[in-house]
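Presented below is the structure to which this report refers.
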Amino acid sequence: ILTYNLEWRKTGGGAAPFARESTSKKIPYDVMGFQECKNPWELLRQADWQDDYQAIHVAHGRNVQLCIAYRNTTWKLLSSGDAWVSQEQKHGSGYMMWVRLQH
-2 ILTYNLEWRK TGGGAAPFAR ESTSKKIPYD VMGFQECKNP WELLRQADWQ DDYQAIHVAH
58 GRNVQLCIAY RNTTWKLLSS GDAWVSQEQK HGSGYMMWVR LQH
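Start counting the sequence shown at -2; every next residue gets the next number (the numbering used here).
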């Protein structure tokens, strides 16, 4: 499992190559979760993972952009969802998302 904040607000997704290059290429991740992820399909394309992963994107306004990508060669999506979990004075609404997968 990989979790990563891509910092879209600061870099426009410029951290996406770092997420790819700093990870182990020998053992593929089953599930990856990203904060500040406006376009998971572009991230997968940049990493050349578009054939092996399926992405799910959740957006609640401009400030909430969440993505989960799962390895579709070994996992099947059963369900997914998201929920509001908190309200912060500095960052606004906090959301979480989840997937239920079958191996």
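Every residue, glycine too, gets a C-beta built ideally from N, C-alpha and C.
Handout entry: Whole-angstrom distance between ILE65 and MET94, CA atom to CA atom
Key = Counting from 1 along the sequence shown, the entry for residue 94 is found at position 97. Counting from 1 along the sequence shown, the entry for residue 65 is found at position 68. The straight-line gap from Cα to Cα measures roughly 8 Å.
Practice task
Kindly indicate the opening and closing residues of the alpha helix (DSSP H) around TRP38.
Solution key: By 1-based counting over the sequence shown, the position of residue 38 is 41. TRP38 -> alpha helix (DSSP H) spans 37 to 43.
Problem - Same chain only: Cβ atoms within 6 Å of ALA56, ignoring 5 sequence neighbours per side - result: Here residue 56 refers to the residue found at position 59 of the sequence shown. Contacts found: GLN62.
Problem - Between the CA atoms of VAL28 and ASN36 - distance to the nearest angstrom - result: On the sequence shown, position 39 is the one that residue 36 refers to. On the sequence shown, position 31 is the one that residue 28 refers to. Looking at the two C-alpha atoms, the distance is approximately 17 Å.
Exercise for the section: Take the Cβ of HIS85 as the centre, count every other Cβ of all protein chains shown within 10 Å, and call the residue buried at 16 or more, exposed below. Expected result: Mapped onto the sequence shown, residue 85 falls at position 88. With the sequence shown as reference, residue 85 is identified as Glu, and His is not the correct amino acid for it. By the 10 Å Cβ count, GLU85 comes out exposed.
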